[in-house]
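Let me begin by presenting the structure, written as structure tokens, before commenting on it.
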Amino acid sequence: MNFKRIFVLNYLFFAFIISLFATLGSLFFSEIMHFIPCSLCWYQRIFMYPLVFIFLINLLYPDDKVFKYSFPLVIIGLFISIYHNLLILKIIPETLSPCISGVPCSVDYLNYFGFITIPLLSFIAFLTIFILLIAYKRRVS
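Read in order, the letters of the sequence shown are residues 20 to 160 in this note's numbering.
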């Protein structure tokens with residue numbers, strides 16, 4: 020295996036690690052800490068959880084098409100997390116929230132230093148994976 024291939028695979032390895040930590044973190048918050056996820060949290064989970072398996076399979080069986088499989092999930096998850104953060108920051112009114120029943124999407128289970136919330140952590144994870152995938156695509160092309 021040549022040096023370029025190893026370097027390119029590191030982008031995907033870091034994307035795998037980030038998606039794994041995001042998945043395990045969300046499961047920790049819901050199953051151990053008993054935080055009930057809102058609708059937007061569930062949508063973000065729907066787009067994050069498959070990334071773990073996509074990146075893991077790609078690390079075991081490298082395929083240059085991983086970008087095609089993962090990028091749409093990352094983009095949609097990123098947009099949902101942006102919307103969720105705008106809702107938390109009260110830039111978007113609560114009336115435009117898809118959380119009709121159950122836990123409100125603006126609930127603040129976690130708030131470290133006054134700004135680190137669960138939706139912010141989701142945004143950071145999706146944004147970092149987005150950047151890694153763009154770097155991977157540029158390196159492969």
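Ideal Cβ positions, reconstructed from N, Cα and C, are used throughout, including at glycine.
Beta bridge counterpart(s) of residue i as assigned by DSSP
i: Ile36; result: Per DSSP, none; premise fails for Ile36.
i: Ile153; result: For Ile153, which the question treats as bridged, DSSP gives no partner whatsoever.
Buried or exposed (CB count within 10 angstroms, at least 16 for buried), residue i
i: Arg64; result: buried
i: Val93; result: buried
i: Ser160; result: exposed
i: Phe74; result: buried
i: Ile110; result: exposed
i: Ile55; result: exposed
i: Phe66; result: buried
Inter-residue Cα distance where the pair is residue i and residue j
i: Leu70; j: Leu106; result: 25 Å
i: Ser89; j: Cys60; result: 19 Å
i: Asp83; j: Ala154; result: 13 Å
i: Leu152; j: Met52; result: 31 Å
i: Asn29; j: Arg158; result: 11 Å
i: Leu46; j: Leu31; result: 22 Å
i: Pro138; j: Ala144; result: 10 Å
i: Phe40; j: Leu140; result: 11 Å
i: His103; j: Phe142; result: 9 Å
i: Asp127; j: Leu108; result: 11 Å
i: Pro112; j: Pro81; result: 44 Å
i: Ile76; j: Glu50; result: 26 Å
i: Pro91; j: Ile101; result: 15 Å
Own chain, CB closer than 7 Å to residue i, minus 5 neighbours either side, in chain order
i: Tyr62; result: Ile99
i: Thr42; result: Met67, Tyr68, Val71
i: Leu146; result: Leu97
i: Phe132; result: none
Any C-beta of chain B under 7 Å from that of residue i
i: Glu113; result: Of the protein chains in the structure, only one exists, and it is not chain B.
8 Å contact criterion, which residue i and residue j should meet: CB distance rounded
i: Phe35; j: Leu78; result: 6 Å
i: Ser38; j: Ile148; result: 6 Å
Cβ shell of residue i (< 6 Å), same chain only, five flanking positions each side left out
i: Phe48; result: Phe54
i: Phe33; result: Leu151
i: Lys156; result: Phe86
Proximal residues to residue i (C-beta, below 8 Å), its chain only, five neighbours per side dropped
i: Ile95; result: Phe66
i: Gly44; result: Leu140
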